[in-house]
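Peer 1: Pasting in a structure now, in structure tokens, and then I'll have a few things to ask.
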Amino acid sequence: MNEQPDKFQNEILEKIKSGKVSMQSKSALMWRTVLAILAIGLFALLAIFIASFVVFILKANGSWTLPQFGMHGLQEFLLIFPWLFVPALVLFIWLVERFMVQHSVAYKIPILYTLAGIIILVAIGSLIVLATPLHTQMFRFAHKEQLPLAGGMYTFFGRQRPDDLYVGTVVGANGHNYTISMPEHNNITIVVSDDTKFFANRPVAIGDCVEIIGEEKNSTITADSIKKFGGDRITPCNVFDQKMPLPGMMPTR
Amino acid sequence: MELPNQQFTDEQLATRVQGGDLEAFNVLITRYRDKILRYGHKFLLEPGDIEDVSQEIFLKAYRYIQSFDPERKFSPWMYRIAHNEYINIGKKRKSEPLDFFDFDSFFPHPQAADNPVRDIHEKETKKMLDTCLDKLPDKYREPLVLYYYEDLDYKDIAEVLHIPVPAVGVRLNRAKKKLKEIAEHISDRTHL
Chain A
1 MNEQPDKFQN EILEKIKSGK VSMQSKSALM WRTVLAILAI GLFALLAIFI ASFVVFILKA
61 NGSWTLPQFG MHGLQEFLLI FPWLFVPALV LFIWLVERFM VQHSVAYKIP ILYTLAGIII
121 LVAIGSLIVL ATPLHTQMFR FAHKEQLPLA GGMYTFFGRQ RPDDLYVGTV VGANGHNYTI
181 SMPEHNNITI VVSDDTKFFA NRPVAIGDCV EIIGEEKNST ITADSIKKFG GDRITPCNVF
241 DQKMPLPGMM PTR
Chain B
1 MELPNQQFTD EQLATRVQGG DLEAFNVLIT RYRDKILRYG HKFLLEPGDI EDVSQEIFLK
61 AYRYIQSFDP ERKFSPWMYR IAHNEYINIG KKRKSEPLDF FDFDSFFPHP QAADNPVRDI
121 HEKETKKMLD TCLDKLPDKY REPLVLYYYE DLDYKDIAEV LHIPVPAVGV RLNRAKKKLK
181 EIAEHISDRT HL
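Just so you know, the protein sequences line up as chains A and B, in that order.
Per the working numbering, numbering through the first sequence is continuous, rising by one, with the last residue being 253.
Per the working numbering, numbering through the second sequence is continuous, rising by one, with the last residue being 192.
Here it is, written out as structure tokens:
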């Protein structure tokens with residue numbers, strides 16, 4: 001039986017024949033797919049950048065290891081955490097997920113798995129970025145005022161630190177006292193008492209990078225806790241370029 | 001050149017349309033016109049709207065026919081376009097709250113078997129669906145319509161709704177339960 005178009009069909013066919021509606025070429029559709037993949041890649045990279053930046057900045061300002069100081073440290077960590085970036089990170093992960101579920105590879109599996117996959121990807125990507133000197137270089141450029149766009153982000157959050165947390169390199173040891181060189185101050189004396197808690201698997205020695213929770217009075221800190229940084233590549237002591245002038249890093253409160 | 005209606009499969013016709021054969025597209029319109037209109041009715045759209053939207057659905061199918069993969073089935077691809085169009089028009093008309101979080105497709109579910117002989121209560125379910133369709137939320141109405149009226153299997157419904165296949169089984173079961181509740185409620189009220 002041959003098809004005899006009625007009004008419904010005629011109107012459709014007329015629109016096509018008159019050129020009002022035209023078939024999209026394969027290349028146009030391919031470009032749409034390419035753009036969608038690029039969008040997924042861009043949002044994933046932004047998510048990776050934000051996640052790695054948050055970890056980097058917490059390491060750079062010395063807050064990353066605060067939870068190891070116990071409940072007090074954990075409270076301070078939660079207060080100092082740059083929560084502002086969490087909604088942005090969630091937004092970009094959500095955008096990656098939204099773009100991905102348009103494609104059969106993603107919508108055929110539960111969203112939970114897709115989301116877990118994206119989060120794992122962002123976590124691995126962040127670890128890779130943190131293994132490169134990207135953030136350290138940007139941090140240094142920012143402090144030299146040579147990073148126009150994201151510079152403020154690095155300098156502002158790099159300064160965030162609880163007011164009873166001090167970081168620096170041990171430059172002298174004398175009985176119960178240490179002298180540390182702080183990137184943001186002159187040398188400062190640390191007084192250790194019997195109540196001072198040590199978080200280190202070997203004695204603190206000259207050249208070690210340490211962080212101290214304690215109270216400062218007349219350029220002397222009475223240490224409640226002292227923690228030695230391990231072999232981490234990013235610490236408040238090595239994040240600054242040794243040749244550059246010391247920035248005015250000050251406690252937040 | 002005029003094409004005999006039964007000689008080609010939908011997928012073969014779609015391949016011919018991709019090559020510029022408008023007559024093949026005309027055959028596809030003939031095959032799917034009633035199905036797409038009926039599907040629109042199940043979305044509870046106004047009859048006037050359905051005719052216009054259905055035309056738009058076929059025009060979109062033509063516009064994007066190159067995105068159809070002839071290795072896959074044509075009907076889910078066609079229903080997917082219809083689904084998107086009807087959903088969009090439905091949102092404009094009904095101003096229903098958007099369903100941002102779908103638990104059915106969020107969590108994994110055990111694979112639900114698609115019964116090849118359909119379920120034994122099909123007639124009963126269809127009867128309930130005829131009377132209670134307008135009382136069902138969109139989320140439950142659509143898989144029921146695709147399964148019972150359009151005879152799509154779980155895999156095809158999953159392609160239309162862009163959800164995992166096990167989620168189709170979960171949604172159909174919940175939809176049937178909901179349908180039964182509504183039918184019982186109506187029955188109780190009529191007996192009072």
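Every residue gets a Cβ at the ideal spot worked out from N, C-alpha and C, and that includes glycine.
Every value quoted in this text rests on a predicted model; they were computed, and no experiment measured them.
Count the other CB atoms within 10 Å of the CB of H143 (chain A); is the residue buried (16 or more) or exposed (fewer)?
Peer 2: Counting the other Cβ atoms within 10 Å of the Cβ of H143 (chain A) gives 16 or more, which makes it buried.
Peer 1: Out of B:F25, B:K139, B:R174, B:H185, which one is the CA nearest neighbour of F74 (chain B)?
Peer 2: For F74 (chain B), the nearest C-alpha among the options comes from B:F25.
Peer 1: Assuming A175 (chain B) and Y140 (chain B) are in contact, meaning their beta carbons sit under 8 angstroms apart, how far apart are those beta carbons, in whole angstroms?
Peer 2: 4 angstroms
Peer 1: DSSP three-state label for V210 (chain A), please.
Peer 2: Per DSSP, reduced to three states, the secondary structure at V210 (chain A) is strand.
Peer 1: Answer yes if the region 54 to 68 of chain B comes into contact with the region 18 to 26 of chain A, meaning at least three C-beta pairs across the two stretches below 8 angstroms, and no otherwise.
Peer 2: With the rule of 3 Cβ pairs closer than 8 angstroms, the region 18 to 26 of chain A counts as touching the region 54 to 68 of chain B.
Peer 1: Quick one: does L13 (chain A) have its CB under 9 angstroms from some CB of chain B?
Peer 2: With 9 angstroms as the cut-off, L13 (chain A) counts as an interface residue toward chain B.
Peer 1: So with CB distances below 7 angstroms, who are the chain B contacts of L112 (chain A)?
Peer 2: Those are F106, F107, P108, listed as they occur along chain B.
Peer 1: Can you list, in chain order, the residues of its chain with a C-beta nearer than 6 angstroms to that of Y79 (chain B)? Leave out the 5 residues immediately preceding and following it.
Peer 2: V160
Peer 1: In the DSSP assignment, find the unbroken alpha helix (DSSP H) run with G158 (chain A) in it and report its ends.
Peer 2: 151 to 159
Peer 1: At a Cβ threshold of 9 angstroms, is G20 (chain B) touching chain A?
Peer 2: yes
Peer 1: Which term fits D237 (chain B), buried or exposed, when burial requires 16 or more other beta carbons within 10 angstroms of its beta carbon?
Peer 2: Any property of residue 237 (chain B) remains undetermined from this structure, which presents chain B solely from 1 to 192.
Peer 1: Can you tell me which residues form a DSSP beta bridge with T179 (chain A)?
Peer 2: A:G172, A:T189
Peer 1: Taking the beta strand (DSSP E) that K227 (chain A) belongs to, which residues open and close that run?
Peer 2: 220 to 228
Peer 1: List the residues of chain A whose Cβ lies closer than 7 angstroms to the Cβ of Y194 (chain B), in chain order.
Peer 2: Lying before the first or after the last residue shown, residue 194 (chain B) is absent from chain B, which here runs from 1 to 192.
Peer 1: For the 8 angstroms Cβ check, are there 3 or more pairs between the region 173 to 184 of chain A and the region 193 to 213 of chain A?
Peer 2: yes
Peer 1: Under 8 angstroms Cβ to Cβ from F49 (chain A), same chain only, skipping five residues before and after it: list those, please.
Peer 2: V129
Peer 1: Between R16 (chain B) and chain A, is any beta-carbon pair separated by less than 9 angstroms?
Peer 2: no
Peer 1: Mind pulling the chain B residues with CB within less than 8 angstroms of Q9 (chain A)?
Peer 2: N26, I29, T30, R33
Peer 1: Quick check on this structure: which residue in A:F229, A:L84, A:L38, A:L35 has the alpha carbon closest to the alpha carbon of A200 (chain A)?
Peer 2: A:F229
Peer 1: Under the three-state reduction of DSSP, which class applies to V167 (chain A): helix, strand or coil?
Peer 2: strand
Peer 1: Measure the beta-carbon distance from F262 (chain A) to I57 (chain A) and round it to whole angstroms, keeping in mind my assumption that it falls under 8 angstroms.
Peer 2: Missing from the structure shown is residue 262 (chain A); chain A here goes from 1 to 253 and no further.
Peer 1: Under a CB-based cut-off of 9 angstroms, is V165 (chain B) close to chain A?
Peer 2: yes
Peer 1: When the Cβ atoms of the region 64 to 77 of chain A are set against those of the region 135 to 155 of chain A, are three or more pairs found closer than 8 angstroms?
Peer 2: no
Peer 1: Can you give the Cα-Cα distance for Y154 (chain B) and H162 (chain B), rounded to whole angstroms?
Peer 2: 11 angstroms
Peer 1: Would you say Q336 (chain A) and N61 (chain A) are within 9 angstroms of each other, going by their C-beta atoms?
Peer 2: Nothing can be reported for residue 336 (chain A), as the shown portion of chain A is limited to 1 through 253.
Peer 1: Would R140 (chain A) pass as a contact of F240 (chain A) if the rule is Cβ separation under 9 angstroms?
Peer 2: yes
Peer 1: Give the single residue among A:A44, A:H135, A:K227 whose Cα lies nearest to the Cα of V122 (chain A).
Peer 2: A:A44
Peer 1: Rounding to the nearest angstrom, what Cα-Cα distance links I221 (chain A) and T189 (chain A) in this structure?
Peer 2: 6 angstroms
Peer 1: Between R189 (chain B) and K180 (chain B), what straight-line distance do the alpha-carbon atoms span, to the nearest angstrom?
Peer 2: 14 angstroms
Peer 1: Using a Cβ-Cβ cutoff of 8 angstroms, what residues of the region 105 to 135 of chain A are near chain B? List them in chain order.
Peer 2: Y107, K108, I109, P110, I111, L112, Y113
Peer 1: According to the neighbour-count rule (16 or more other Cβ atoms, all chains shown, within 10 Å of its Cβ), is S104 (chain A) buried or exposed?
Peer 2: exposed
Peer 1: Distance, Cα to Cα, A47 (chain A) vs W83 (chain A)?
Peer 2: 14 angstroms
Peer 1: Can you tell me which of the three DSSP states F8 (chain B) falls into?
Peer 2: coil
Peer 1: Check the C-beta distance from I50 (chain B) over to G40 (chain B) and give it rounded, since I have them as a contact under 8 angstroms.
Peer 2: Here I50 (chain B) really is in contact with G40 (chain B); their C-beta atoms are around 4 angstroms apart, less than 8 angstroms.
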